[in-house]
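Undergrad:
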Amino acid sequence: MGIEDASMRNGRALSDQWADSVVVRPRTTEQHITVNKRLVLGFAISILTLIIVTAIAITLSVSFERCAAESSGALAANGSSNSKWKQSRDANISHRDSEDGQQPWRHLRLPATLRPRHYDLRLSVSMENFTFSGEVHIEFECVQSTKLIVLHTDRLEVDKVLVYSDSKKAGAMRIQRRFHYQPKQVFVIALHREMKPLRTYKINITFHAHIEHELLGFFRSSYVLNGERRFLAVTQFSPTHARKAFPCFDEPIYKATFRVSLKHESSYQSLSNMPVEASTSDEDGWVTNHFSRTPRMSTYYLAWAVCNFTYREAVTDSGVVIRLYARPDAIQSGSGDYALHITKRVFTFIAFKLNYILPNLLAVPKHPYAAMENWGLSVFVEQKILLDPDVSSFSYQMELTMVVVHEICHQWFGDLVTPVWWEDVWLKEGFAHYFEYIGADFLFPKWNMEKQRFLTDVLHEVMLLDGLASSHPISQEVFEATDIDRVFDWIAYKKGAALIRMLANVMGQPLFQRGLNDYLMTHMYGNAARDDLWNKFSEAMQREGKDINITQVMDRWTLQMGYPVVTISKNDSLDNSVTISQEHFVYDTDAKIQNPELFNKSFQWQIPLTLAVGNSSHISTETIIWVSNKTETHRVGHMGSETWLLGNINQTGYFRVNYDLHNWRLLIQQLMTNPTIISVGNRAGLIDDVFNLARAGYLPQNVPLQMISYLSQETEFLPWHAASRALYQLDKLLDRTEDHSLFSDYVLRQVEPKYHKLGWPATSPEGSFMQAAYQTEELQREVMMLACSFGNKHCHRQAVSLISDWISSNKNRIPPNVRDIVYCTGVSLMDEDVWEFIWMKFHSSTAISEKKVLLEALTCSDNIFLLNRSGVTEFLNTEAELNELKEFILTSGGESAPAFARAVEIVQANVKWHVLFQQQFYRWLRKAPDG
Ligand SMILES: [Zn+2]
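Going by numbering that gives the first Met the number 0, 756 is the number at position 757 of the sequence shown; the sequence numbering is gapless.
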């Protein structure tokens, strides 16, 4: 699935208190909001966030031409998933050996005594009064003798229950009692007689329920077409909401086949995972669509929709038809064409040697997540799939591309091979997120996503979060049902992707690909755990004579939280040796000491450190050193006094690198004189590392400031992007300090030469943005945003005049790529009328992408929404505020929530930074050279 709201792309998630605000927020001296208000609002928002970030999602569809693959796949799946399922069952049984073993409905997991094979589900849907009634027949196998049938239901009214034994077709088995146990959302049926292993049984349940407003289970939403409100109803089952639509064994391990039929008024159409096999009409004007049987899959990938949409279609090279369904006006205007086009192209690219395709996409006006990869019917919220080329910015296009590719990748990682249990949700989300970048590089090689954008948007982003003592391992234990939503967080997505990328680079692409293919072929139509993946990778390596135990290496990275900082220092001896040490990187070591779980814990990793040596004109090829001890000594070839060392080449590793001060000086010198000796990725990496190391006290505060003085020489987007992220972060930390202008003036001095050189984009954009030179436009945009944010007067005047022109002429001549900067600057600096104007435009605009930018601009004024976007804790940095925050959390009863723990730790780290380093920071700035 894709987490909603760009959060996965640019660090805009509400969940992330560290995340920098992408909003241009021109600096004003007034503080319109009191800290108190910020606290309260901020935390209200944090709570909301916890709910929202429950994410899930992605793409799928169906293949018909692959009967052969399916039948052989089913065989393989049965083999592998049998054992998987037994493991899962054993795990379940072992932790329920206690006194309430007789009451399996009290457990988080289903008892594993029964195993569903097939569901026949018939639903009758009334869009008139938003209700549905249904009947489900489940065919299941008994694995272990039991009198109990425990399956999931939630919010369903169960009417009738019948149970049959396969040997006794005629009569039903006698039911002793049946009841719903709400705490675990299960329905329990106790039989008089035991069911026996290896025998199959059938259960038939009739039920009814409401089509809810809430965007979970089977829910409704609406849109306006030609002035008339239209309704639709659609499903979102991941992770645990299928049970809100029909009684089922609602855990990923219980894969089965499904046959769905939907009855509804004939004025509506219906869609589901599979194509319609037969359709029957009733005299009363209702129709019933009978959909074909699905392949073996998890309940959370089942989906259906009842709507009045239209579609466009595209045909892949292998002849598979892909359809995109959306509101009729969106289809007519061609807003879906871009997504359809890239879907078709990317399918042919990421095929994993499996002739398998799940073809339909559905755009809905409201959805809890960016998208969801249901089998054969991926559902997207409109802003993540509809695009109007005339008004969409480059960043909108990129975001949309990534979401679409993400969902397509889930077809293999998620739909076909499903994690055994939610603790390893990163197995599907990490892969989908990583392959977004690979897939986007295939579509648009010039974007350089995997080598460049991945660093700032994934690696740097998640290292901020994972550098907190309140972080958690990527494989998270799930103790309660509520934990299931929690596991869909940035650690799962971004750290997952970063670890996969590190491993792919260590193994090399050919072996990595081979291991992945083996993994998918072995586990298709079944479930897999992380060890299954590691084993396939180890085997692939061994076949090439490389004896690395991938499980051993990767367990350190997945079962321990956080990541290391590797420190490399040149030894004084003449033997060209360096000392390399590792330690757990945390922003605030006190937070680690205060955390009972971490106190005294000494984390160690097996680190694939790549290393190169360089001088003013040359850099060596990299060598790899496996660092597994706390401290090691290595020889690294000849080094003169002017030779520098560079670690983590192209930032493929998930760790930070620190050096002795002399080496930092040489690296900065290199950047000033000839930055291109060092790769673009490493330039961005050095910037991110240097700011974060200083923030955590590993380095003097002047080192990052000195480093960015090379930026006027920097012609690439990525290092600028890394720098601006770090500077916005620092800006928030320094907010309200007396000498703030020293800092903003210093930043402007670094930015202005480039700003004046690049200027603004032409006001009448020529040609489509899709042909635009990505690097140049993105760089121009980044520099403009920095200039406007840190108070460059020219930038402000320019934005104001563009807005004024728009208001007076009622013609929007602002280039789409910088509209967000202009709108936001206008709203912040100009009077209320501008806000009203943007508000009016928001209502009258029909293009989804423009609507999104307008809405974001409305939040740029100093009001609650600003907090919403930027994360309040960033601004809190005094002892008094920290106490206030703790008090607030205590009185609101939220001490145990991870978001609160994170918030306290961040503010604590902020306070500590001010105590220890603020003086040092400004002392250097006071003496800093001009220009
Ligand atoms: Zn996903």
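Each residue gets a CB set at the ideal place from its N, CA and C atoms; glycine is no exception.
Should M0 be counted as a contact of ligand 1 given a C-beta to heavy atom distance under 8 Å?
TA: yes
Undergrad: How big is the Cα-Cα spacing for F716 and E127?
TA: 53 Å
Undergrad: How big is the Cα-Cα spacing for V565 and E751?
TA: 35 Å
Undergrad: Could I get the ranges of all uninterrupted alpha helix (DSSP H) runs contained in the region 237 to 288, with 4 residues as the minimum, in chain order?
TA: Runs of the alpha helix (DSSP H) lying entirely within the region 237 to 288, each at least 4 residues long, are absent.
Undergrad: Rounded to whole angstroms, what is the Cα-Cα separation between S572 and P607?
TA: 25 Å
Undergrad: Suppose only complete runs of 3+ residues qualify. What are the beta strand (DSSP E) ranges in the region 606 to 650, listed by chain order?
TA: 606 to 614, 622 to 626, 630 to 634 and 643 to 646
Undergrad: Taking Cβ to Cβ, would you say Y253 is nearer than 9 Å to N373?
TA: no
Undergrad: Leaving out five residues on either side along the sequence, give the residues of the same chain with a beta carbon under 7 Å from the beta carbon of H94.
TA: In this prediction, H94 has a pLDDT of 46, which is less than 50 and means its spatial position is unreliable; nothing more can be read from the coordinates.
Undergrad: N359 bridges to which residues according to DSSP?
TA: R322 and L376
Undergrad: For D832 and K850, I'd like the C-alpha separation in whole angstroms.
TA: Looking at the backbone, the Cα of D832 and that of K850 are separated by about 18 Å.
Undergrad: What's the call for F478, buried or exposed, on a 16-neighbour Cβ count within 10 Å?
TA: exposed
Undergrad: Quick one: residues in its chain with C-beta nearer than 8 Å to the C-beta of E64, no 5 flanking neighbours on either side, listed in chain order?
TA: Any reading at E64 is ruled out, since the residue's pLDDT is 27, under 50, leaving its predicted position unreliable.
Undergrad: Near I567, what residues of its chain come up, given a Cβ to Cβ distance below 7 Å and the 5 sequence neighbours on each side ignored?
TA: V577, I579, L644, G646, V656 and Y658
Undergrad: Do I847 and Q382 have their C-beta atoms within less than 9 Å of each other?
TA: yes
Undergrad: Would you call the region 624 to 631 and the region 657 to 674 touching, i.e. three or more CB-CB distances under 8 Å?
TA: no
Undergrad: By DSSP's criteria, P563 is part of a beta bridge. Which residues make up the other side?
TA: P563 pairs with H583.
Undergrad: State buried or exposed for D488, treating a residue as buried only when at least 16 other CB atoms are found within 10 Å of its CB.
TA: Around the CB of D488, 16 or more other CB atoms lie within 10 Å, so the residue is classed as buried.
Undergrad: Considering only C-alpha positions, which residue in the set N534, R173, N811 and L147 is nearest to K844?
TA: Lys is not the amino acid found at residue 844; the sequence shown has Ser there. Looking at the Cα atoms, N811 is the closest of the given residues.
Undergrad: Could you pull out every unbroken beta strand (DSSP E) segment of at least 3 residues lying fully inside the region 204 to 236, listed in chain order?
TA: Listed in chain order, they are 216 to 224 and 227 to 235.
Undergrad: Which same chain residues end up closer than 6 Å to S297 when comparing Cβ atoms and leaving out the 5 residues on each side of it in sequence?
TA: Only P251, K254 and T417 meet the Cβ criterion.
Undergrad: Taking all protein chains shown into account, do 16 or more other C-beta atoms lie within 10 angstroms of the C-beta of F178, making it buried, or fewer, making it exposed?
TA: exposed
Undergrad: Is it true that the CB of V124 sits closer than 9 Å to the CB of I210?
TA: yes
Undergrad: Could you tell me which uninterrupted beta strand (DSSP E) segments, each at least 3 residues in length, are contained entirely in the region 131 to 203, listed from first to last along the chain?
TA: 145 to 151, 156 to 164, 174 to 180 and 185 to 194
Undergrad: Taking a contact to mean a Cβ-Cβ separation below 9 Å, would you say L660 touches L698 in this structure?
TA: yes
Undergrad: Kindly examine ligand 1 and report whether one of its heavy atoms sits closer than 8 Å to the Cβ of H366.
TA: no
Undergrad: Would you check if the distance between the CB atom of R173 and the CB atom of R198 is smaller than 9 Å?
TA: No. Outside cutoff.
Undergrad: Could you name the residues of the same chain whose beta carbon sits closer than 8 Å to that of Y745, not counting the 5 residues immediately before and after it, in chain order?
TA: Around Y745: L704, L924 and A927.
Undergrad: Can you give me the start and stop residues for the alpha helix (DSSP H) that N681 sits inside?
TA: V679 to R694
Undergrad: Taking its Cβ as the centre, do 16 or more other Cβ atoms sit within 10 Å of P196, making it buried, or is it exposed?
TA: exposed
Undergrad: Ignore the nearest five residues each way along the sequence and tell me which others in R344's own chain have a CB closer than 7 Å to its CB.
TA: L442
Undergrad: On the CB-based measure, 16 or more other CB atoms within 10 Å of its CB, does W931 come out buried or exposed?
TA: Nothing can be reported for residue 931, as the shown portion of the chain is limited to 0 through 930.
Undergrad: Any chance you could list the beta strand (DSSP E) runs of at least 3 consecutive residues sitting entirely within the region 824 to 861, in chain order?
TA: Counting whole runs of 3 or more residues, the region 824 to 861 contains no beta strand (DSSP E) stretch at all.
Undergrad: To the nearest angstrom, how far is the alpha carbon of H795 from that of E855?
TA: 18 Å
Undergrad: Distance, Cα to Cα, L757 vs Q779?
TA: Spanning the two alpha carbons is a distance of roughly 6 Å.
Undergrad: Specify whether the region 814 to 822 and the region 356 to 368 touch according to this definition: at least 3 beta carbon pairs, one from each stretch, less than 8 Å apart.
TA: no
Undergrad: Out of Q593, D484, S619 and A439, which has the shortest C-alpha to C-alpha gap to T609?
TA: S619
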